[in-house]
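The structure appears below as structure tokens.
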Amino acid sequence: MTSRSNASLVAAALLSCASCASAARVLYPVNADALKVRPGDYEIDPAHSTVIFAVNHFGFSTYYGRFTEISGRLALDADNPERSETAVRVAAASIDTPSDALDEKLRGGEMFDAASWPDILFESRRVTLTGARAADLDGVLTIKGVSRPITLHAAFIGSGVSPLTNDRRAGFSATATLSRRAFGLTQWDGFVGDEVELIIAAEFAAH
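According to the numbering used here, the sequence shown is numbered sequentially starting from 10.
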């Protein structure tokens with residue numbers, strides 16, 4: 010599969026998710042007011058969460074991939090959102106691109122070295138509200154034992170009681186940009202861009 014086909018599939022999937030979200034707002038009552046989210050402790054639902062990354066490929070295209078195993082928690086303080094905290098774990102070995110051969114190289118010692126460093130971790134340090142439904146999450150990202158500051162630009166999607174599981178849910182999206190060289194991910198330098206764009210979609214379930 011070409012990177013253009015891959016990008017088209019990702020775009021189609023995101024548009025499909027957007028359509029589903031629009032339908033949900035029509036068919037099922039969802040709270041869209043970030044200040045009315047029920048406070049408490051939440052855990053990521055891995056079946057409804059994902060991390061997508063994008064890099065420049067030879068200057069020809071944008072190449073997309075994802076991580077399929079994600080877990081984490083959210084301590085949500087609706088009265089004082091700035092006091093909320095989150096921590097997310099991504100399994101490095103769960104990296105998934107259209108190329109099985111590339112996946113093996115990415116998991117190997119010259120890149121993520123998933124056998125030695127199985128977890129990619131993010132821990133928030135500060136939450137700053139930037140809008141009625143938006144916030145910046147300043148935190149620390151750790152890859153291959155290297156920790157660097159990073160800011161996630163997060164947006165609240167909606168919350169409510171799931172009609173499928175009958176538990177409280179809250180959904181967020183986030184974007185960020187990082188330098189892969191800063192984490193020692195230097196393989197294919199000069200052919201693959203240093204700047205990595207992240208797109209995170211997370212659905213949290215109260216526990």
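The beta-carbon is built from N, C-alpha and C at its ideal position, and this holds for glycine as well.
Query - L194 (DSSP reduced to helix, strand or coil) - result: Taking the first residue of the sequence shown as position 1, residue 194 is located at position 185. In the three-state reduction of the DSSP assignment, L194 falls in the coil class, being assigned neither a helical nor a strand state.
Query raised in the report: Under a Cβ-count criterion, where at least 16 other Cβ atoms within 10 Å of its own Cβ denotes burial, should S125 be classed as buried or exposed?
Result: Numbered from its first residue, the sequence shown carries residue 125 at position 116. It is exposed - the Cβ of S125 has fewer than 16 other Cβ atoms within 10 Å.
Query - Identity of the residues DSSP links to P67 by a beta bridge - result: Translated into positions along the sequence shown, residue 67 becomes position 58. Sequence check: residue 67 is Phe here, not Pro. Paired residue(s): none; F67 is not in a bridge.
Query raised in the report: Alpha carbon to alpha carbon, what distance is there between A191 and E206?
Result: Position 197 of the sequence shown, counted from the start, is the residue given in the question as residue 206. Position 182 of the sequence shown, counted from the start, is the residue given in the question as residue 191. About 14 Å.
**Report entry** Segment limits, beta strand (DSSP E) that includes R177
**Finding:** The residue given as residue 177 occupies position 168 in the sequence shown. 177–188 is the span of the beta strand (DSSP E), which, as asked, contains R177.
Query raised in the report: Are T160 and A185 touching if we call contact CB-CB under 8 Å?
Result: To locate residue 160, count along the sequence shown from 1; it is residue 151. To locate residue 185, count along the sequence shown from 1; it is residue 176. Taking 8 Å as the cut-off, the Cβ atoms of T160 and A185 count as close.
Query raised in the report: Excluding five sequence neighbours on each side, which residues of the same chain lie with their C-beta closer than 6 Å to the C-beta of T77?
Result: In the sequence shown, residue 77 corresponds to position 68, counting from 1. When the five nearest sequence neighbours on each side are left out, the beta carbons in the same chain lying within less than 6 Å of the beta carbon of T77 are those of S103, D105, in order along the chain.
Query raised in the report: Near D128, which residues of its chain fall below 6 Å by C-beta distance, leaving aside the five closest residues on each side in sequence?
Result: Translated into positions along the sequence shown, residue 128 becomes position 119. Within the same chain, D128 has close Cβ partners R98.
Report task. Apply the 10 Å Cβ neighbour rule to T137 and answer buried if 16 or more other Cβ atoms are within range, or exposed otherwise. Result -> Walking along the sequence shown from the start, residue 137 turns up at place 128. Result: exposed.
Query raised in the report: For the 8 Å Cβ check, are there 3 or more pairs between the stretch 105–116 and the stretch 80–88?
Result: No, the stretch 105–116 does not touch the stretch 80–88.
Requested in this report: To the nearest angstrom, report how far apart E119 and D198 are at their CA atoms.
Outcome: Translated into the one-based positions of the sequence shown, residue 119 becomes position 110. Translated into the one-based positions of the sequence shown, residue 198 becomes position 189. If you take the alpha carbons of E119 and D198, they lie about 12 Å apart.
Query raised in the report: Per DSSP, T160 is paired with what?
Result: As a first step, residue 160 must be located in the sequence shown, where it is residue number 151. D147, per the DSSP bridge assignment.
**Report entry** Helix, strand or coil at E113 according to DSSP, with G and I counted as helix
**Finding:** In the sequence shown, residue 113 corresponds to position 104, counting from 1. For E113, the secondary structure class from DSSP, reduced to helix, strand or coil, is helix.
Report task. Under the assumption that G202 contacts K153 (Cβ atoms under 8 Å), give the Cβ distance between them as a whole number of angstroms. Result -> In the sequence shown, the residue the question calls residue 202 occupies position 193. In the sequence shown, the residue the question calls residue 153 occupies position 144. Taking C-beta atoms under 8 Å as the contact rule, G202 and K153 fail to qualify, at a distance of about 19 Å.
Report task. Using a Cβ cut-off of 8 Å (strictly closer), state whether N89 contacts chain D. Result -> Given the protein chain composition of this structure (a single chain), no chain D is represented.
**Report entry** Proximal residues to A5 (C-beta, below 6 Å), its chain only, five neighbours per side dropped
**Finding:** Nothing in the structure corresponds to residue 5, since the chain is present only between 10 and 216.
Report task. Would you kindly check if the distance between the Cβ of R157 and the Cβ of A215 is under 8 Å? Result -> Locating residue 215 in the sequence shown gives position 206, where the first residue counts as 1. Locating residue 157 in the sequence shown gives position 148, where the first residue counts as 1. No, these two residues do not count as a Cβ contact at 8 Å.
Requested in this report: Return the first residue and the last residue of the beta strand (DSSP E) that G49 is part of.
Outcome: Here residue 49 is taken as the residue at index 40 of the sequence shown, counted from 1. G49: member of the beta strand (DSSP E) spanning 49–53, first to last residue.
Query raised in the report: From what residue to what residue does the beta strand (DSSP E) around R98 run?
Result: Taking the sequence shown and counting its residues from 1, the one referred to as residue 98 is at position 89. Start and end: 94–100.
**Report entry** Distance, S171 Cα to S70 Cα
**Finding:** Taking the sequence shown and counting its residues from 1, one reaches residue 70 at position 61. Taking the sequence shown and counting its residues from 1, one reaches residue 171 at position 162. Spanning the alpha carbons of S70 and S171 requires a straight line of approximately 39 Å.
Query raised in the report: To the nearest angstrom, how far is it from the Cα of D109 to the Cα of A100?
Result: For this step, residue 109 is matched to residue 100 along the sequence shown. For this step, residue 100 is matched to residue 91 along the sequence shown. Near 17 Å, if we compare the C-alpha coordinates of A100 and D109.
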